[in-house]
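Below is one structure, written out as structure tokens, with a few remarks after it.
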Amino acid sequence: MARRRSKSSPAPSLSERWASLRPLLAGAGWTAAIAAMALALGMGVPALRAEACRTVTGEPLAVLFENRPPWMTDAEISPLADLVAEKLNGSAMDRSGLASAKDALASTGWFEEIRQVRRTGGNEVIVEGDWTVPFAVVREAGYDHLVDLHGRLLPRCYRVGSAPRSLIRIENARHPRPSTYGTRWEGEDLSAGMAVARLIDQRPWRSQVAWIDLGGMAEDGCVRMKTARGCTLTWGRLPGREGAAEVPARQKLDYLGWLHEHYGRIDAVGDQLDLRTDCVAIR
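Now the structure itself:
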């Protein structure tokens, strides 16, 4: 007896096929959308950040310098503040500008060290650093150029005769002034003159020394001091490097102190004093 053939199942309709594919298509669409969003964020966020860094709030940037010394004038602090504002471009999000402002301030010569440049608000910046100490002036070409305790050039100079008397003057240095601020003035002669200036700075007779003369160092290696009355005091070589027959710096200071104590002036006994030997030569 022949087996009865069963009927074949009818082919799925178009709507049924679409219904079965819909979950797959939806998943692929979500995947594509997420990938597109990630790409857009990757490209857009840096651009938005850069744009924010270029945005200026419209309000002036307040730059505050911690421990501002009393000798720093408004006329000199203003360019420093402008320098910081220029590097920051007025943006609260510009982190690289803080580092640039720190480097720029360090190159002015006014600081021993810049510890930090930081924001405390949208338009306020604090500069933390150690200021240098103005100490002397070096005369060159009709101007007295300010240097710090180490002989580094500072961005201030005076016309002849206008520098504060508290700043000792050094003349006839062999080398010209440095081309950049914060750089040490070259020359062993200037180093010797600065060393003598530091030794006498706190002495009670310091104001009687009008200037330190380096003009004779090329011949005999000696630093000389000139008083306001025109007396020349031959100090000698760089303190600590005296010759075999030369008395130490302490003994020279003691003798000048004795003159000041007994006569009221270090130039009271002659127009020329040679301090290099035990027996001071007086003329």
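No gaps in the numbering here: position 71 of the sequence shown is 69 in my numbering, and each next residue is one more.
All C-beta atoms, glycine included, are put in the ideal place defined by N, C-alpha and C.
- Less than 7 Å divides the Cβ of Gly185 from the Cβ of Arg172.
- In its chain, beyond the 5 residues on either side, Val136, Val145, Gly149, Arg150, Leu151, Ala171, His173, Arg175, Pro176 have a beta carbon closer than 8 Å to the beta carbon of Trp183.
- Rounded to whole angstroms, the gap between the alpha carbons of Arg157 and Trp209 is 15 Å.
- Cβ-Cβ separation between Glu126 and Glu217: approximately 48 Å, too far for a contact (criterion under 8 Å).
- Taking Asp187 as reference, the option from Pro162, Met70, Arg239, Arg154 with the minimal CA-CA separation is Arg239.
- Taking each of Gly159, Lys100, Ser205 in turn and checking the Cα distance to Asp80, the smallest one comes out for Lys100.
- In this chain, the beta strand (DSSP E) harbouring Gly234 covers 230 to 234.
- In terms of Cα proximity to Met192, the closest of Gly213, Thr178, Arg167 is Arg167.
- Judged by DSSP secondary structure, Ile75 falls within the alpha helix (DSSP H) whose first and last residues are 72 to 86.
- Beta-carbon to beta-carbon, Leu96 and Leu86 are separated by about 7 Å, close enough to satisfy the 8 Å threshold.
- Separation of Ser105 and Asp269 (C-alpha to C-alpha, rounded to the nearest whole angstrom) is 44 Å.
- Counting only residues of its own chain and dropping the five nearest sequence neighbours on each side, Glu138 has a CB closer than 6 Å to the CB of Arg175.
- As DSSP reads the structure, Ala134 sits in a beta bridge with Val145, Ile166.
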